[in-house]
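First comes the structure, then the notes that go with it.
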Amino acid sequence: MRPRPPIRGRGIFTGTGLIITGLAATLVALLYPIWSYEDGPATDADVLNAQTVATQYGPLSALDRDFVTKVRLAGLWELPAGQQAQQKGTTEAVRAAGRHLVEGHTFLDERVRSVAAQLGLALPNEPTDQQKGWLEELNAAQGVDYDRKFANILRVAHGRVFSVVAQVRAGTQNALVRQLADDANTTVLDHITVLEATGYVDFDALARQLAVGSSAPPANSPSPPWSVADPGQVVPVTPSPYPSFTLPPAATGPPPQDGS
0 MRPRPPIRGR
10 GIFTGTGLII
20 TGLAATLVAL
30 LYPIWSYEDG
40 PATDADVLNA
50 QTVATQYGPL
60 SALDRDFVTK
70 VRLAGLWELP
80 AGQQAQQKGT
90 TEAVRAAGRH
100 LVEGHTFLDE
110 RVRSVAAQLG
120 LALPNEPTDQ
130 QKGWLEELNA
140 AQGVDYDRKF
150 ANILRVAHGR
160 VFSVVAQVRA
170 GTQNALVRQL
180 ADDANTTVLD
190 HITVLEATGY
200 VDFDALARQL
210 AVGSSAPPAN
220 SPSPPWSVAD
230 PGQVVPVTPS
240 PYPSFTLPPA
250 ATGPPPQDGS
């Protein structure tokens, strides 16, 4: 007998068979990451959760604790910078921005010290080396150069902390930290607005500097000691009636315009 020819349309190598095989392969590819995730190493979220501790006000994460510290540190250098701007600024807009910084950080410092005391968090009593360097740079500047440096250094700093405030406010589970983030958000946005109103902010340079990196700590970074039986003496940040730096002579007229 002559062999029967193969019947078309049967077998996995036909058109229908190839479609079914392709769909099965796609399903396996979609399911494999799920299986791998369940059996794989810990993720950043796992590490962050491991650093979260319980308090009577709700869970307190590593990012929450870092945020509280950053609010304190901001006041330690931005309040004196605001005092300085009230004396060294050559325009009313710069001096007004200085007043806003003093008022805002006097309020925020009182709030952050209250929150830290309730959560048992230790707070720093002096700025970081980088923040001290910014103050030294401002102290050395004079005239319109001071106005520009004040507006741009402070605007970059506020832009970086603004993103941290938003991240904390969106994700914190702690009631005290949430309230502090609300206060910080209002204050930082006000400061951003008045700094931009000086007319000295270089937005191109600002965008480049903010694109360099975020101030938020990675989830797997070691968390500093946070809880202590006695947080220690946290010195209030209060504006002094007299500046502690050398001031230039008072401006006798408006600053010169570029190209004049």
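Each residue of the sequence shown is one higher than the one before, starting from 0 at the first, in numbering that gives the first Met the number 0.
All residues carry an ideal CB built from backbone N, CA and C; glycine is no exception.
The model shown is predicted, which means the values in this text are computed figures rather than measured ones.
A Cβ-Cβ separation of about 6 Å places N151 in contact with D201 under the 8 Å criterion.
By the C-beta density criterion, E135 is exposed, having fewer than 16 other C-beta atoms within 10 angstroms. In the DSSP assignment, G142 falls within the unbroken alpha helix (DSSP H) covering 142 to 170. When DSSP states are grouped into helix, strand and coil, V52 belongs to the strand group. Burial state of P235 is exposed, judged by a 10 Å Cβ sphere holding fewer than 16 other Cβ atoms. Ranking R177, A84, T186, R207 by CA distance to the CA of A115 puts R177 first.
Boundaries for A121: no alpha helix (DSSP H) harbours it, and the DSSP string shows neither H nor E there. In summary, S60 is buried, with 16 or more beta-carbon neighbours lying within 10 Å of its beta-carbon over all protein chains present. Contact check for L72 against Q130 passes: the beta carbons are separated by less than 8 Å.
Take E195, set aside five residues on each side of it, and no residue of its chain has a beta-carbon closer than 6 Å to its own.
Taking one beta carbon from each stretch, the region 157 to 173 and the region 183 to 193 have 3 or more pairs nearer than 8 Å; the two touch. Note that the C-beta distance between G103 and G97 is not below 8 Å. Setting aside the 5 residues that flank it on each side, T171 is surrounded in the same chain by D63, R177, each with a C-beta closer than 6 Å to its C-beta; the list follows chain order. A distance below 8 Å between beta-carbons, with the five flanking residues on each side excluded, links I191 to the following residues of its chain, in chain order: R154, H157, G158, F161. Counting along the chain, no alpha helix (DSSP H) covers N173, and no H or E run does either. The residue among T127, R110, R94, P123 with its C-alpha nearest the C-alpha of R147 is R94.
G81 is a Cβ neighbour of L100, given a cutoff of 8 Å.
DSSP places T89 outside any alpha helix (DSSP H), giving it a letter other than H or E. Less than 8 Å divides the Cβ of G57 from the Cβ of N173. When DSSP reads this structure, L59 sits in a beta bridge with V52. CA-to-CA, the gap between A53 and D65 works out to about 16 Å. Within a 10 Å sphere around the beta-carbon of D144 sit fewer than 16 other beta-carbons, which makes this residue exposed.
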